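Chains as they are written, first to last, in the working numbering: chain A, 1 to 281; chain B, 1001 to 1284. No residue lacks a Cβ here, since even glycine has one placed at the ideal position from N, Cα and C. Given the structure is predicted, the values throughout are model-derived calculations rather than measurements. A quick write-up on the structure given underneath.
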Amino acid sequence: MTRIGRSLYGRISISILTLLLIGVAPAVADDLSPFAGQAGTIKISGGTAHIPVMKAAAKQIMQRFSDVRITIAGGGSGVGIKQVGEGLVDIGNSGRKPTDEEITKYDLKMFKWAIDGVGLVVNPKNTVASLTTAQTKAIFAGSIHNWKAVGGADKAINLYTRDTASGTRSVFWKKALGKGEISAKANVVVSNGAMKAAVANDPYAIGYVSVGHMDESVQPVALDGVTPTLETVKSGEYKIARGLYSNTKGEPTGLTKTFIDFLFSETGQGLAAAKGFIPVK
Amino acid sequence: MRSQGLVQGLLAVAAAGSVAVTVLIFGFMIVLGLPLVTSGTFFNLFTSSWLPNEGLYGIVPMMAGSLFIAGLAMIFSFPLSLGCAALVAVLAKGRVPALLHRLVRFMTGIPTVVYGFAGIFLLVPVVREWTGSGSGMCILSASLLLAILIAPTMILFFTDSFTGVPKSYLAAADALGATPVQKFLHVVIPCSWRGLTTGVLLALGRAVGDTLIALMIAGNATAFPGSLLDSARTLPAHIALVVAADFDSLEFRTLFACGILLYAFTTLTVVLTRRMVADKGGAP
Chain A
1 MTRIGRSLYG
11 RISISILTLL
21 LIGVAPAVAD
31 DLSPFAGQAG
41 TIKISGGTAH
51 IPVMKAAAKQ
61 IMQRFSDVRI
71 TIAGGGSGVG
81 IKQVGEGLVD
91 IGNSGRKPTD
101 EEITKYDLKM
111 FKWAIDGVGL
121 VVNPKNTVAS
131 LTTAQTKAIF
141 AGSIHNWKAV
151 GGADKAINLY
161 TRDTASGTRS
171 VFWKKALGKG
181 EISAKANVVV
191 SNGAMKAAVA
201 NDPYAIGYVS
211 VGHMDESVQP
221 VALDGVTPTL
231 ETVKSGEYKI
241 ARGLYSNTKG
251 EPTGLTKTFI
261 DFLFSETGQG
271 LAAAKGFIPV
281 K
Chain B
1001 MRSQGLVQGL
1011 LAVAAAGSVA
1021 VTVLIFGFMI
1031 VLGLPLVTSG
1041 TFFNLFTSSW
1051 LPNEGLYGIV
1061 PMMAGSLFIA
1071 GLAMIFSFPL
1081 SLGCAALVAV
1091 LAKGRVPALL
1101 HRLVRFMTGI
1111 PTVVYGFAGI
1121 FLLVPVVREW
1131 TGSGSGMCIL
1141 SASLLLAILI
1151 APTMILFFTD
1161 SFTGVPKSYL
1171 AAADALGATP
1181 VQKFLHVVIP
1191 CSWRGLTTGV
1201 LLALGRAVGD
1211 TLIALMIAGN
1221 ATAFPGSLLD
1231 SARTLPAHIA
1241 LVVAADFDSL
1251 EFRTLFACGI
1261 LLYAFTTLTV
1271 VLTRRMVADK
1281 GGAP
């Protein structure tokens, strides 16, 4: 490498560094700075779709402010709402809007910080790429039980569903299945992550996950011709969508409030977008 | 002598405490499960459909799931454990017994979730491809994995009781010209009756009570299982899956019935086994 080359390289890296310093750092400092001087623990549980964003936010916050501890647990939307209502956690996440009954009973304050779709997924080896609503209902009710009936291989369909605490399930059940029957023979898994792992491992599986959780390990299935992706959910073309809520008991205060404000800040909304959700701002 | 009294007192308090907790838990479940009886839903539990949306709370499929999975796990695990314990305590020579014993003790420390996780990625696909039907998440997979989980409990109890057989008995058998296998079958096993039963009992308790393996591997379907390759749900997994329902709902109340059933099952096994051991008269 010549001297000119080396100095050019040096100059570029210095300018990048400068850009980083003047461009990015102040923005981060603005969104994270409300945590300065605060200490304590924020306990979060509930919706499993929320977890990637919660983890990323917690990492950013705890890396800069070592006095702030954030714990994140799953359990499902039902668990999140119940635990925050009983005062066991500070923030209870839910992948569905809490019911009016839950809101009044626990005095919940809801914060919807992102929108997420729920889509059908199959194993990448599966050739079925699209289903109609009628076919989906029949598959989940157990009346279609071979992939051949919907244009796939001559193999039994392995159904996967979620437990009753799941917000993902309740949205899928209402909006995709029209509150139709889900066969008692369906396998039940307990989180979006577990659903993805089960479908990724089983060549004849069908299940449903949060669009934000979809990656190359599973293949999304178009419903009535619309593939569930970030774009189709955003444009409203794909209809099976829900808000991602973080709920608190009464108005949030202190650290909890700072955390929720952070979710709505530019950085927080950026995290939501980076994890495959649609920011609300 | 004062310190002895003190120690006795402390131990008595500890013993009374653990008895009280056990009784209190049972009472707690009865009290919280009571609304089921008064609302007439109790007998509804013993029907075969779990459809909470339609007011059907049948837990018979889960009872069947629990029995099949735990029973099959015992069938797989008992011969394995007996053989392993025989090897460790009586039959093998050299360094093998010590190594095996250490390995088994190490196995007791492996968290259940590790078995479950390994099972999802290693066992479930094998069972699915092997049998060619179903998703691989089934009674067979769960019971195979559970068999591994409960084996150390049995092996350690069996080994202890085998090594506890008086040396003079063994010397007598040797003097009569018995081979090691004859000695094992005719002297060691009859002398270890009590240890064998205790080991089996504790392992069965663990198999019936285990939540995570069944939750991760058995598939959790609420339909009554028709074959070993069907997805099934056990009572503990059912409790774990439904516990998130609203505290006041009937659905939630039925969990206490599940708890009472599990409790009753364990108590029954303990009582029956005690009686069996007493009847046999068993050597120490």
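Please report the straight-line C-alpha distance between residue i and residue j, rounded to a whole angstrom.
{"i": "F1121/B", "j": "S1077/B", "result": "22 Å"}
{"i": "V1019/B", "j": "V1037/B", "result": "27 Å"}
{"i": "L1051/B", "j": "R162/A", "result": "15 Å"}
{"i": "A1278/B", "j": "W1193/B", "result": "11 Å"}
{"i": "L1201/B", "j": "G1094/B", "result": "31 Å"}
{"i": "V121/A", "j": "P1236/B", "result": "29 Å"}
{"i": "G1033/B", "j": "C1191/B", "result": "44 Å"}
{"i": "F1184/B", "j": "A1151/B", "result": "20 Å"}
{"i": "F1224/B", "j": "R1275/B", "result": "33 Å"}
{"i": "K174/A", "j": "R242/A", "result": "11 Å"}
{"i": "A1015/B", "j": "L1268/B", "result": "21 Å"}
{"i": "T1227/B", "j": "S94/A", "result": "The sequence shown places Ser at residue 1227/B, not Thr. Looking at the two C-alpha atoms, the distance is approximately 37 Å."}
{"i": "T127/A", "j": "P1125/B", "result": "20 Å"}
{"i": "I1059/B", "j": "T253/A", "result": "43 Å"}
{"i": "N187/A", "j": "V1114/B", "result": "21 Å"}
{"i": "H145/A", "j": "G151/A", "result": "12 Å"}
{"i": "R1002/B", "j": "H1238/B", "result": "51 Å"}
{"i": "P34/A", "j": "T258/A", "result": "7 Å"}
{"i": "V1031/B", "j": "R1102/B", "result": "45 Å"}
{"i": "S1133/B", "j": "M1062/B", "result": "22 Å"}
{"i": "S143/A", "j": "K137/A", "result": "9 Å"}
{"i": "K196/A", "j": "F262/A", "result": "29 Å"}
{"i": "F1162/B", "j": "V1023/B", "result": "34 Å"}
Since I believe residue j is in contact with residue i (beta carbons under 8 Å), could you give me their beta-carbon distance rounded to a whole number of angstroms?
{"i": "L1080/B", "j": "G1119/B", "result": "The Cβ separation is near 17 Å, so there is no contact."}
{"i": "S202/A", "j": "R1128/B", "result": "Correcting the residue identity first, residue 202/A is Asp in this sequence and not Ser. Confirmed, Cβ separation roughly 7 Å."}
{"i": "Y1263/B", "j": "M1029/B", "result": "7 Å"}
{"i": "Y284/A", "j": "I206/A", "result": "Nothing in the structure corresponds to residue 284/A, since chain A is present only between 1 and 281."}
{"i": "A971/B", "j": "L1261/B", "result": "Only positions 1001 to 1284 of chain B appear in the structure, and residue 971/B is not among them; the question remains open."}
{"i": "L1255/B", "j": "V1242/B", "result": "6 Å"}
{"i": "A1203/B", "j": "T1153/B", "result": "5 Å"}
{"i": "S1231/B", "j": "M1137/B", "result": "6 Å"}
Does the CB of residue i have a neighbour CB from chain A at under 7 Å?
{"i": "T1266/B", "result": "no"}
{"i": "M1137/B", "result": "yes"}
{"i": "A1221/B", "result": "yes"}
{"i": "L1229/B", "result": "no"}
{"i": "G1241/B", "result": "Rather than Gly, the amino acid found at residue 1241/B in this sequence is Leu. Chain A, which has a Cβ nearer than 7 Å to the Cβ of L1241/B, makes this yes."}
Since residue i sits in a beta bridge, which residues does DSSP pair it with?
{"i": "T161/A", "result": "V188/A"}
{"i": "P279/A", "result": "A114/A"}
{"i": "I72/A", "result": "I44/A"}
{"i": "T248/A", "result": "K109/A"}
{"i": "N146/A", "result": "A156/A"}
{"i": "P220/A", "result": "V121/A"}
{"i": "L1261/B", "result": "Note: L1261/B sits in no beta bridge, so no partner."}
{"i": "Y1287/B", "result": "The question about residue 1287/B has no answer here: the residues shown for chain B are numbered 1001 through 1284."}
{"i": "G207/A", "result": "V121/A"}
{"i": "R242/A", "result": "D116/A"}
{"i": "V226/A", "result": "L223/A"}
{"i": "A1086/B", "result": "None; A1086/B has no bridge partner."}
Flag this pair as yes or no: are the beta carbons of residue i and residue j separated by less than 7 Å?
{"i": "I1069/B", "j": "I1139/B", "result": "yes"}
{"i": "G119/A", "j": "V211/A", "result": "yes"}
{"i": "S166/A", "j": "G74/A", "result": "no"}
{"i": "A141/A", "j": "G180/A", "result": "yes"}
{"i": "F172/A", "j": "Y208/A", "result": "yes"}
{"i": "A198/A", "j": "V189/A", "result": "yes"}
{"i": "G250/A", "j": "D107/A", "result": "yes"}
{"i": "A176/A", "j": "I240/A", "result": "yes"}
{"i": "L1123/B", "j": "S1141/B", "result": "yes"}
{"i": "G46/A", "j": "L255/A", "result": "no"}
{"i": "D330/A", "j": "A49/A", "result": "The first residue shown for chain A is 1 and the last is 281, placing residue 330/A beyond what the model contains."}
{"i": "V1090/B", "j": "L1100/B", "result": "no"}
{"i": "F264/A", "j": "W113/A", "result": "yes"}
{"i": "T1159/B", "j": "A1085/B", "result": "yes"}
{"i": "D224/A", "j": "T168/A", "result": "no"}
{"i": "N247/A", "j": "G37/A", "result": "no"}
If we define contact as Cβ-Cβ less than 7 Å, is residue i a contact residue for chain B?
{"i": "A186/A", "result": "yes"}
{"i": "D163/A", "result": "yes"}
{"i": "D202/A", "result": "yes"}
{"i": "N247/A", "result": "no"}
{"i": "N158/A", "result": "yes"}
{"i": "A272/A", "result": "no"}
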